[in-house]
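Colleague: According to UniProt numbering, the sequence shown is numbered sequentially starting from 1.
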Amino acid sequence: MHAMNNKISVVINTYNAERHLAEVLDSVKDFDEIVVCDMESTDHTRDIALARGCRVVTFPKGQYAICEPARDFAIHQATYSWVLVVDADELVTPELHDYLYQRIGTDDCPQGLFISRRNRFMNQLKKGTPGDDQLRFFIKERTTWPPYVHSIPQVKGRVEHIRWQPGLNLVHLAENYVRDVAEKNNRYSDNEVEKRANKHYGVAALLLRPLWHSFRDYVLSGGFRNGVAGLIHSTLIGEYQFLLVAKIIERDLLNKKKQ
1 MHAMNNKISV
11 VINTYNAERH
21 LAEVLDSVKD
31 FDEIVVCDME
41 STDHTRDIAL
51 ARGCRVVTFP
61 KGQYAICEPA
71 RDFAIHQATY
81 SWVLVVDADE
91 LVTPELHDYL
101 YQRIGTDDCP
111 QGLFISRRNR
121 FMNQLKKGTP
131 GDDQLRFFIK
141 ERTTWPPYVH
151 SIPQVKGRVE
161 HIRWQPGLNL
171 VHLAENYVRD
181 VAEKNNRYSD
191 NEVEKRANKH
201 YGVAALLLRP
211 LWHSFRDYVL
221 SGGFRNGVAG
231 LIHSTLIGEY
241 QFLLVAKIIE
251 RDLLNKKKQ
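Okay, structure coming up:
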């Protein structure tokens with residue numbers, strides 16, 4: 001067993017997350033505690049979590065379409081100070097598990113760590129060095145999590161990025177199929193428009209932002225190494241930017257007509 005100050009709680013936010021949850025929970029079973037914060041799921045999410053010995057707490061879903069409003073509540077339900085936040089569609093590798101326990105046992109451990117995340121798309125992991133770093137490991141007493149989409153936890157203290165090596169990453173399962181990414185792009189861009197109430201774009205952004213983000217993912221981040229699957233995924237990355245900019249322009253045009 002780990003000493004009290006070297007124990008880690010895993011926190012998972014869920015809503016109708018039965019699709020991947022069993023696989024996710026199996027990947028974190030060797031941590032000291034698993035807390036599942038459920039937003040009143042109507043599927044078998046709670047049953048799956050309880051059957052695997054998780055502690056399940058509830059956050060009222062209300063009108064929320066995203067999990068961020070429940071994040072701060074969830075991390076402060078953890079028993080231990082060190083918290084690893086894992087989404088209900090992410091796996092923790094054995095290498096990452098071992099690294100985190102080794103790191104918190106050192107004198108120079110920061111108060112927060114960014115962890116790389118690799119996407120699984122069309123049943124293959126994206127090749128190359130991950131560029132999708134997530135701040136998911138931190139001391140809960142030093143951390144707050146803003147309640148808006150794609151928000152980053154605010155950690156008081158030193159924060160570092162884990163220097164990536166093969167295996168030192170989360171594995172993202174939710175974007176395995178084209179329909180998964182397309183549905184997520186539409187849902188997340190709706191929420192991002194609300195966040196960018198004071199942001200305005202023109203035709204140039206509508207054309208250039210999708211092209212740049214697709215190029216960055218396909219060429220600079222190594223998406224080309226995955227062949228046709230990599231090209232499709234990079235194009236979907238650009239689609240998100242197109243939807244976001246188009247919806248902001250749409251909002252502005254509709255507001256002008258109301259005036």
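From the three backbone atoms N, C-alpha and C, an ideal C-beta is built for every residue, glycine too. Remember, predicted model here, so these are calculated numbers, not experimental data.
Report the rounded CA-to-CA distance for A78 versus N186, giving the unit in angstroms.
Modeller: Within the sequence shown, the letter at position 78 stands for residue 78. Within the sequence shown, the letter at position 186 stands for residue 186. Approximately 32 Å between the Cα atoms of the pair.
Colleague: Between the region 95–109 and the region 44–51, do three or more beta carbon pairs fall short of 8 Å?
Modeller: Too few Cβ pairs lie closer than 8 Å, so no.
Colleague: Taking 7 Å as the CB-CB cut-off, is E141 touching chain C?
Modeller: In the structure shown, chain C does not exist; there is a single protein chain.
Colleague: Skipping 5 residues on each side, what residues in its chain have a beta carbon closer than 7 Å to that of K140?
Modeller: Sequence index remark: in the sequence shown, residue 140 carries index 140 (1-based). I75, H76, A78, S81 and V83.
Colleague: Just to confirm the assignment: which complete alpha helix (DSSP H) runs, minimum length 4, are found wholly within the region 88–170?
Modeller: Taking only runs of at least 4 residues, the alpha helix (DSSP H) segments lying wholly in the region 88–170 are 94–104.
Colleague: DSSP three-state label for T45, please.
Modeller: Position 45 of the sequence shown, counted from the first residue, corresponds to residue 45. Correct three-state label for T45: helix.
Colleague: Do three or more CB pairs link the region 107–116 to the region 158–172 at distances below 8 Å?
Modeller: Yes, since at least three Cβ pairs between the region 107–116 and the region 158–172 fall closer than 8 Å, the two stretches touch.
Colleague: Give every residue of the same chain whose Cβ lies closer than 6 Å to the Cβ of M1, excluding the five residues on either side of it in the sequence, and list them in chain order.
Modeller: As a position in the sequence shown, residue 1 is number 1, starting the count at 1. No answer about M1 holds up, because its pLDDT of 45 lies below 50 and its placement is not dependable.
Colleague: In three-state terms, what does DSSP make of Y240?
Modeller: Looking up residue 240 in the sequence shown gives position 240. Here Y240 sits in helix by DSSP.
Colleague: Taking buried to mean at least 16 other C-beta atoms within 10 Å of its own C-beta, is D98 buried or exposed?
Modeller: Translated into the one-based positions of the sequence shown, residue 98 becomes position 98. Looking at its Cβ environment, which holds fewer than 16 other Cβ atoms inside 10 Å, D98 is exposed.
Colleague: Run through DSSP, which three-state label would S81 get?
Modeller: Indexing the sequence shown from 1 puts residue 81 at position 81. DSSP places S81 in coil when its eight states are reduced to three.
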